[in-house]
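Chains as they are written, first to last, in the working numbering: chain A, 1056 to 1451; chain B, 13 to 353. Notes follow the structure.
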């Protein structure tokens, strides 16, 4: 059984997904209905979700399966059951075990007959491809040879995934527990002398034991000279450092991010002042969230706090990337930046993180993932929103 | 996302070797009449750029421009804010940031006479990027090239072999930690992660399945710019012991240039399969470990002399239950040398 198909009852549902239990079956039906409605609106006969290793969110959305192969596809036509295609044998078993898609076929980079044959059998004349922009030439040639018109369905699928169902939010709340635990580990292992990569090793081991499938994690240690975040190096942590991390375990498909900074030893006056600025900005972003707000408006609320305190220049691309971003089955969805007029409806999930450099105490990260509710924003993680210190306790 | 140790250590790979690797590619470009070659990598397969520069594409995508003469240049959509880290952890000096790959390439060739641009490993390039770049430099001819860098990565230099032996030592410890009694699948994964990442692995890809005490864990671990593959099934099925016998038989049959069918036959003869089960014996090159060889057409030939590869024995029982034994080995003149066990 695949680790993702943890519910034993899913194995009772080979084939078309018709044997899924109530809530799972309803979620599957909801997703296919959303995608098919969007397909009809764009005149598409079918959607083909392409998943390279690093962009598997659409495949997951249509199959509820975790895969690891180099190239995987899910084909959803206007009618009938979906079909999946994979370059990896064990992914075929994982997709079937998830219970949503029973017809899974093997392909190779030099043998895609199963895929092109299915497209021809369905009589597809206008195909939307999710992640068409990343589709390798080897696959692009054969797909374009099998279908008269191929267009991108990346935005279509982004739109379908944006609003999370109650089923998805239940999974995300469970995933948030792993993110909370990951942060606790991060603080507990921190002590002078430990290297950056040893901190990551401790966190990775713990979250894998808790069931995380993957993780996105950046780190930076030092004082006010720190300008940004990177993978870890051999640097050893020193007293007086502030250690920053964006921690994003993926559990049951969903990425749940938490951004915090922790001092090694007591919090200095500058570090506390920096925290208060970032906390105020994040709170300002949180306060404006309501159904229908735009990414631009959230970013403005955060940046206005920096401008009010005289740090507005540090909200530009010279110093920072975004003021947050969407998360769900992918970890970097629509950016929370000024100028992005994307509407965030009820059920959208994203992180508010005004992470940037300032001369107060160097690069600072602070933020939490939220869901848009009718009443405003709701935090998904429960870790305290405060400045942490390694003095609070160590496991080492 | 790469989140383990990233480091450029001249004690491991001599500084001169990086330049030699680029010059070897340039010799091939010259022979093919190509003025500028482009290498595209993403976070899931960043090894070509890593091999040429030690840069780790830790997130998203990157493109390396290699002129037929001179130094290579990184062209990326990532912000300039990460350039200091990239320069610290690679041999790159020239890094350029832009909004689109097409504009970046147009800017890169702007002061060069129009000639021929080659897309290295063209089959794996996103078709959309190939079209975008070709449209951005209409006065240039574009050609598709084969996997020049992937092929160059097949045979390890003495320095690379030293690095991979260090990695193999860490990996053996990680496997031993995962083999501790009483651990469930997640516990085994956590134990493996801990040892591998404390040991300096840059990336650890784990896949696991568990059903009624039959646990299979497959790993792809990246250490510096080298990869190692392993796969283990833990359980009490009687035939599992014969997987080790089959592996020994296969390794004994491996020699440079051997036809893979001979290795397969040797392994299958030693395997005690349960009724109704099927077995598959495959290999993939270290150059393709990031995607387990799925992006290279099948070949009837086995590994070449000096090639590091993985041998995978896979058994599927009648009910679909899967078991594996996978290890990484070096194809030496005298036969296969097991690295990961």
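Glycine is no exception: its CB is placed at the ideal position from the N, C-alpha and C atoms. This one's a predicted model, so the numbers in the text were calculated from it and none came from an experiment.
Residue span of the beta strand (DSSP E) that contains residue i, given as start and end
i: residue 162(B); result: Counting along the chain, residue 162(B) falls outside any beta strand (DSSP E), though it belongs to the alpha helix (DSSP H) covering 160-164.
i: residue 323(B); result: 320-328
i: residue 106(B); result: 106-109
i: residue 1270(A); result: 1269-1277
i: residue 1158(A); result: 1158-1161
i: residue 1096(A); result: Per DSSP, residue 1096(A) belongs to no beta strand (DSSP E); it is in the alpha helix (DSSP H), 1077-1096.
i: residue 226(B); result: 226-235
i: residue 5(B); result: With chain B running from 13 to 353 in the structure shown, residue 5(B) is simply not present.
i: residue 86(B); result: 85-88
i: residue 1139(A); result: 1138-1141
i: residue 1433(A); result: 1431-1434
Contacts that residue i makes with chain B (C-beta to C-beta distance below 7 Å)
i: residue 1109(A); result: 54, 55, 56
i: residue 1124(A); result: 306
i: residue 1195(A); result: 139
i: residue 1142(A); result: 306
i: residue 1372(A); result: 91
Three-state class that DSSP yields for residue i in the structure shown
i: residue 1240(A); result: helix
i: residue 1246(A); result: coil
i: residue 1408(A); result: coil
i: residue 176(B); result: helix
i: residue 1341(A); result: helix
i: residue 1109(A); result: coil
i: residue 1380(A); result: strand
i: residue 1419(A); result: strand
i: residue 346(B); result: coil
i: residue 201(B); result: helix
i: residue 1373(A); result: coil
i: residue 182(B); result: helix
i: residue 1191(A); result: strand
i: residue 1130(A); result: strand
i: residue 1065(A); result: Only weak support exists for where residue 1065(A) lies, its pLDDT of 32 falling under 50; the coordinates are left without a value.
i: residue 1070(A); result: With a pLDDT of only 46 at residue 1070(A), under 50, the local geometry of the prediction cannot be trusted, and no value is derived from it.
i: residue 1177(A); result: helix
i: residue 1451(A); result: Because residue 1451(A) carries a pLDDT of 49, less than 50, the predicted location of this residue cannot be relied on, and the following value inherits that uncertainty. DSSP places residue 1451(A) in coil when its eight states are reduced to three.
i: residue 114(B); result: helix
i: residue 335(B); result: strand
i: residue 1443(A); result: strand
Interface partners of residue i on chain B, CB under 8 Å
i: residue 1165(A); result: 309, 310
i: residue 1264(A); result: 198, 199, 201, 202
Residue i CB to nearest heavy atom of the ligand NAP below 7 Å
i: residue 291(B); result: Ligands in the displayed structure: none, and consequently the ligand NAP is not present.
Where the alpha helix (DSSP H) through residue i begins and ends
i: residue 13(B); result: From DSSP, residue 13(B) is part of no alpha helix (DSSP H); its letter is neither H nor E.
i: residue 73(B); result: Run containing residue 73(B): none in the alpha helix (DSSP H); it sits in the beta strand (DSSP E), 73-79.
i: residue 1281(A); result: Unbroken run through residue 1281(A): none, as it is neither H nor E.
i: residue 1358(A); result: 1350-1363
i: residue 1216(A); result: 1209-1217
i: residue 294(B); result: Segment 290-297 is the beta strand (DSSP E) holding residue 294(B); no alpha helix (DSSP H) there.
i: residue 59(B); result: 59-65
i: residue 1264(A); result: 1251-1264
i: residue 141(B); result: 139-148
i: residue 253(B); result: 252-265
Distance CB(residue i)-CB(residue j) smaller than 8 Å
i: residue 1217(A); j: residue 1326(A); result: no
i: residue 56(B); j: residue 302(B); result: yes
i: residue 1082(A); j: residue 1222(A); result: yes
i: residue 1397(A); j: residue 1349(A); result: yes
i: residue 327(B); j: residue 285(B); result: yes
i: residue 1304(A); j: residue 1237(A); result: yes
i: residue 86(B); j: residue 64(B); result: no
i: residue 307(B); j: residue 293(B); result: no
Cross-chain neighbours of residue i in chain A, by beta carbon under 8 Å
i: residue 70(B); result: 1285, 1286
i: residue 135(B); result: 1164, 1191, 1192, 1193
i: residue 206(B); result: 1256, 1257, 1259, 1260
i: residue 14(B); result: 1286
i: residue 97(B); result: 1283, 1285
i: residue 218(B); result: 1263
Which residues DSSP lists as bridging residue i, in chain order
i: residue 155(B); result: 130(B)
i: residue 1310(A); result: 1305(A)
i: residue 239(B); result: 234(B)
i: residue 1297(A); result: 1277(A), 1318(A)
i: residue 120(B); result: Residue 120(B) pairs with nothing; no bridge assigned.
i: residue 355(B); result: Coverage of chain B is limited to positions 13 through 353, which leaves residue 355(B) absent and any answer about it impossible.
i: residue 70(B); result: Looking at the DSSP assignment, residue 70(B) forms no beta bridge with any residue, so it has no partner.
Contact set between residue i and chain A, taken where Cβ atoms lie within less than 9 Å
i: residue 67(B); result: By Cβ distance, chain A contributes nothing, its closest Cβ being about 12 Å from residue 67(B), past 9 Å.
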